[in-house]
């Protein structure tokens, strides 16, 4: 396949410009609602590392969570939801499954049941966060601090981000290899990398873009190299989108200054509208969904 990533970069930049200009997506914002119990079709899986924001993203997608809501919780179990996405006279149905991020029996079972089953997904939303993963347990935070200190470098925001990015890249490499080798998601048609919590680093969005999208840096990051392999060895439709589900503060580790949002509520709303719009386009592109007036 083509090695030209201009279209993927153009999609990213169109969203950035929309947020900066306060401009909603074309044809008005896509509307997303919960589907009924009998709804089926267009299976979508949400994957990613622990603490990347998968559950919050799903809640924002279903309009079940907004800025100012109570903090998110750790989700060790598989989550299943039904959704209807409406935009520009088109109605698209989706069955959304959230795969646990932390290593656990539940995660392995979810991968087996969802990604290796006969009803494996047509689409994957892979959630990343440019090293801003939430550390759920205090003991895990101590482990990260001890590992960084043992390496002899500073224990600061950049070191913590780099630690998470290394794990994130390895996790995505495993997923990409399994897709390429036909071990997972054999019915897969598209994959969206969603770079979440981007309100925390909106001032460094170019750096995040070049980390995830190949071709922007002199040498691809490990993550970008894996995405390049997916393009060259599969026929998947690929996209990389910046996203923030709601305003948050982010604690890297105790003693390190918290990360704070650089966007406001209205900008988060525009960002979510663009995400819903492009997600609807990806889901509809595989031929699924119902067509007609919303």
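Residue numbers (our numbering): 279 to 572.
We put the CB at the ideal spot given by N, CA and C, even for glycine.
Computed from a prediction, not measured in an experiment: that's the story for all the values here.
- Residue 509 and residue 322 have their alpha carbons spaced roughly 19 Å apart.
- Taken through DSSP and simplified to helix, strand or coil, residue 514 comes out as coil.
- Residue 527 counts as exposed, since fewer than 16 other C-beta atoms from the protein chains shown sit within 10 angstroms of its C-beta.
- Within the model, the alpha-carbon separation for residue 453 versus residue 420 is close to 28 Å.
- Taking a C-beta distance under 8 Å as the contact criterion, residue 505 and residue 492 qualify as a contact pair.
- Taken atom to atom, the span from the alpha-carbon of residue 474 to that of residue 455 is near 23 Å.
- Here the C-alpha atom of residue 487 lies approximately 8 Å from the C-alpha atom of residue 287.
- As summarised for the region 410–473, the continuous beta strand (DSSP E) elements at least 3 residues long and confined to that stretch are 468–473, given in chain order.
- Residue 520 is bridged by DSSP to 473.
- In this structure residue 301 does not touch residue 483 by the C-beta definition: roughly 17 Å separates them, more than the 8 Å allowed.
- Non-local C-beta neighbours of residue 406 in its own chain, meaning closer than 8 Å and more than five positions away in sequence, comprise 326, 327, 330, 446, 450, 471, 472, 473, 474, 490 and 501, ordered along the chain.
- Each of 283, 536 and 304 was checked against the Cα of residue 554, and the nearest Cα belongs to 304.
- Exposed is the label assigned to residue 430, since fewer than 16 other Cβ atoms lie within 10 Å of its Cβ.
- The three-state reading of DSSP puts residue 527 in strand, counting E and B together.
- With fewer than 16 neighbouring CB atoms inside 10 Å of its own CB, residue 464 falls in the exposed class.
- With a contact defined as Cβ atoms closer than 8 Å, residue 403 and residue 324 qualify at about 5 Å.
- Residue state for residue 404 is assigned as strand, using DSSP reduced to three classes.
- Residue 552 and residue 335 have their C-alpha atoms some 13 Å from each other.
- In this structure, DSSP gives residue 388 a helical state, which the three-state scheme calls helix.
- Selection 557, 547, 513 and 550 evaluated against residue 281 yields 513 as nearest (Cα-Cα).
- For residue 547, the enclosing alpha helix (DSSP H) has its first and last residue at 543–563.
- Nearest to residue 530 by C-alpha distance, out of 378, 392, 423 and 283, is 423.
- Just measuring C-alpha positions, the residue of 507, 392, 478 and 522 sitting nearest residue 516 is 507.
- For residue 324, the uninterrupted beta strand (DSSP E) segment begins and ends at 321–326.
- Membership of residue 289 in the alpha helix (DSSP H) is indicated by the continuous run 284–299.
- With contacts defined as CB atoms closer than 8 Å, residue 338 and residue 550 qualify as a contacting pair.
- DSSP links residue 375 through a beta bridge to 323 and 358.
- CA-CA distance, residue 476 to residue 411, rounds to 12 Å.
- Among the bridge pairs identified by DSSP, residue 395 is matched with none.
- DSSP lists 527 as the bridge partner or partners of residue 538.
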